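Numbering (this note's numbering), first residue to last: 2 to 389.
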Amino acid sequence: MQYKVYVWVLCNTGGLEQIPLRQLPATVENLALTKNNFPIIKPDSFAGLRALKKLSLDGNNITRIKQFAFRGLPRLKELSIQYTPLQMVAQFAFAGLQNLSTILLSHNQIQRIEGNAFAGTSNIKLILLTNNPLIRIDSSAFSSLTNVGHLILPSGIRSIEQDAFFGMDTVGLLKLAYMDLKEVAPFTFRGLSNVLLLTLQESDLGVICADAFTGLTQVETLQILNNKIDSIEELNFTSTAAIKHLKFFGNHVLETPDPNSIIVDGVEHLQLVSNHFPCGCHIHTLLDGPLAEGAHNLTDFLQKNYCISPLEVNGRVMSELDIDSIGRCSDQLTKGNLGSSAASLALGINSMLLIAVASCAEWRHVRLLANRLAQLLGHVAWRRRRKR
């Protein structure tokens with residue numbers, strides 16, 4: 002007796018409103034159900050197709066993927082769900098996939114990834130989420146996802162909750178680009194470990210909060226590239242972090258960080274190149290602090306980094322400045338000193354307010370306006386540089 006072995010099954014543009022599991026041969030290895038009309042993928046939708054290696058569901062009217070939708074597919078290597086109206090990756094939607102090498106989820110309408118969406122899934126070479134309107138990454142969105150080659154997220158992310166990557170272990174590349182954040186929140190990267198390359202680039206990072214990188218461990222290379230950073234409350238890389246390379250390139254930092262908030266003891270190699278920092282009276286704080294000291298060569302640091310403010314020195318290499326002529330912030334500034342334009346404005350207005358015996362609330366408001374002006378000047382410079 003002879004048995005037919007069905008390796009390929011193609012049912013494209015067939016008008017299917019549900020997955021025809023009973024009609025599919027158990028021997029199928031490559032299944033394409035593209036451009037049909039089924040809106041929901043239910044739990045165990047493909048149970049019994051134990052030989053299945055490649056599954057394409059592109060172009061369907063999929064709006065929901067329920068928990069454990071792809072359970073029971075031990076040989077599945079590639080899963081593609083693209084060009085659908087799917088708006089959310091639900092909890093456990095892609096859980097427990099042990100041998101899957103590729104998940105393609107680009108060109109959907111995904112706005113949210115719930116916690117534990119990929120829990121227990123391992124040995125994936127690529128998770129592609131580009132071209133989705135993903136605004137927020139929830140806590141534990143990628144928790145318990147292990148041994149991942151590349152995780153590529155879309156542009157436009159506005160919020161990453163704490164512990165978004167908690168329990169994520171052994172990652173080749175985690176790329177976060179073109180984000181528009183108000184802040185990098187405390188414990189954003191807690192529980193993320195054994196990463197070959199983590200990159201934050203071409204983004205408005207807002208404020209890097211205290212503990213933003215606390216709990217991140219065993220990183221070969223951390224890249225912070227070409228971002229706008231309003232302020233740095235803390236960069237804390239102690240010896241437990243074990244960061245081999247920290248590359249801080251091309252960033253526009255609008256406020257000089259407090260040197261006591263910068264700890265780079267856990268970084269083996271620190272590189273700071275083509276960054277823009279304030280060059281008013283706070284430049285001494287920067288040059289005496291851990292960032293400049295971590296570069297090991299002050300002359301090299303001055304030659305490879307630039308001024309963002311005050312306006313008259315914006316874009317100039319730091320080495321061109323007469324550092325000694327710039328008064329420290331606690332000193333009496335002289336006429337020849339390079340002081341921040343925004344800081345000078347704040348000092349002048351604050352003096353007038355003192356004469357007028359202004360209230361504390363007014364004082365804080367004016368200082369806020371002056372600081373905001375300094376940030377605005379830096380932001381404009383950063384935008385111009387990105388357009389070049």
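For every residue, glycine included, the Cβ atom is placed at its ideal position computed from N, Cα and C.
Everything numeric in this text was worked out from a predicted model, so none of it was measured.
Span of the alpha helix (DSSP H), counted from its first residue to its last, around residue i
i, result
"Gln304", "299 to 305"
"His285", "284 to 289"
Close Cβ partners of residue i (< 6 Å) along its chain, the five nearest in sequence each way excluded
i, result
"Pro134", "Gln112"
"Ser275", "Phe250, Gly251"
"Leu11", "Ala33"
"Glu162", "Asp139, Ser140"
"Asn227", "Gln202, Glu203, Gly251"
"Leu206", "Leu182, Val185, Asn228, Ile230"
"His270", "His246"
"Ile41", "Arg65"
"Val172", "Val149, Val196"
"Ile63", "Thr85, Leu87"
Rounded separation between residue i and residue j - CA only
i, j, result
"Leu287", "Ala293", "7 Å"
"Ser341", "Asp212", "Note that Ser341 has pLDDT 44, beneath the 50 cutoff, so the model's placement of it is unreliable and no number is given."
"Leu193", "Asn61", "34 Å"
"Glu221", "Glu18", "47 Å"
"Lys176", "Ser107", "15 Å"
"Thr85", "Asn109", "5 Å"
"Gly328", "Asp289", "14 Å"
"Leu174", "Gln304", "31 Å"
"Glu79", "Glu321", "55 Å"
"Gly267", "Gly216", "12 Å"
"Arg137", "Ser232", "22 Å"
"Phe39", "Ala70", "14 Å"
"Asn31", "Phe47", "12 Å"
"Phe1", "Gly316", "Examination of residue 1 is not possible in this model, given that the chain is present from 2 through 389 alone."
"Gln83", "Thr103", "13 Å"
"Leu1", "Asn148", "Absent from the structure is residue 1, since the part of the chain shown begins at 2 and ends at 389."
"Met180", "Ile153", "13 Å"
"Gly168", "Ala296", "32 Å"
"Ile128", "His151", "6 Å"
"Ile324", "Gly281", "10 Å"
"Ser160", "Gly15", "40 Å"
"Leu77", "Leu198", "27 Å"
"Ile225", "Val8", "46 Å"
"Leu87", "Ser81", "13 Å"
"Lys313", "Leu255", "The sequence given here places Glu at residue 313; Lys does not occur at that position. Straight-line Cα distance between these residues: approximately 15 Å."
"Asn132", "Ile114", "14 Å"
"Ala178", "Ala52", "37 Å"
"Asp170", "Leu74", "23 Å"
"Thr28", "Phe166", "37 Å"
"Leu50", "Arg72", "10 Å"
"Leu223", "Ile309", "24 Å"
"His253", "Thr200", "16 Å"
Beta-carbon contacts of residue i that lie in its chain and below 7 Å, excluding the five residues immediately before and after
i, result
"Thr257", "Phe278, Pro279, His283, Thr286, Leu287"
"Asn13", "Ala33, Thr35, Lys36"
"Leu120", "In the sequence as presented, Leu is not what sits at residue 120; that position holds Ala. Answer for Ala120: Phe93, Ala96, Ser144, Ser145, listed in chain order."
"Lys336", "Unreliable positioning characterises Lys336 in this predicted model, as indicated by a pLDDT of 35, which lies under 50. The coordinate reading is nonetheless provided below. Result list for Lys336: empty, nothing under 7 Å."
"Pro187", "Gln163, Cys210, Ala211, Asp212, Ala213"
"Ser123", "Gln99, Thr147, Asn148"
"Cys330", "Cys282, His283"
"Glu234", "Val208, Ile209, Cys210, Ala211, Ser262"
Opening and closing residue of the beta strand (DSSP E) in which residue i lies
i, result
"Ala242", "Counting along the chain, Ala242 falls outside any beta strand (DSSP E), and DSSP gives it neither H nor E."
"Thr218", "218 to 226"
"Ser123", "123 to 129"
"Ser232", "229 to 233"
"Leu199", "194 to 202"
"Val208", "205 to 209"
"Asn148", "147 to 153"
"Leu271", "268 to 274"
"Lys183", "No beta strand (DSSP E) contains Lys183, which DSSP labels as neither H nor E."
"Pro134", "Unbroken run through Pro134: none, as it is neither H nor E."
"Val10", "9 to 11"
"Pro279", "277 to 279"
Heavy atom of the ligand MN within 7 Å of residue i beta-carbon
i, result
"Cys12", "You won't find the ligand MN in this model; it holds no ligand whatsoever."
Same chain, Cβ closer than 8 Å to residue i, neighbours up to 5 away in sequence not counted
i, result
"Thr300", "Ser320"
"Asn306", "Leu273, Val274, Ser275, Asn276, His277, Phe278, Val318, Met319"
"Gly116", "Gln92, Asp139, Ser140, Ser141, Ala142, Ser144"
"Ala118", "Val90, Ala91, Gln92, Phe93, Ala94, Phe95, Ala96, Ala142, Phe143"
"Phe238", "Phe214, Ile244, Leu247, Ile264, Val265, Asp266, Gly267, Val268"
"Lys67", "Ile41, Ile42, Lys43, Pro44, Ala91, Ala94"
"Pro291", "Pro260, Ile263, Ile264, Val265"
"Thr241", "Thr218, Gly267"
### Task
Only counting runs of 3 or more residues, tell me where the beta strand (DSSP E) segments fall wholly within the segment 67 to 110, in order along the chain.
79 to 81, 103 to 105
### Task
Report yes or no: do the segment 15 to 30 and the segment 47 to 62 share at least 3 C-beta pairs separated by less than 8 Å?
yes
### Query
Residue ranges of each beta strand (DSSP E) run of no fewer than 3 residues wholly in the segment 25 to 75, ordered along the chain?
31 to 33, 55 to 57
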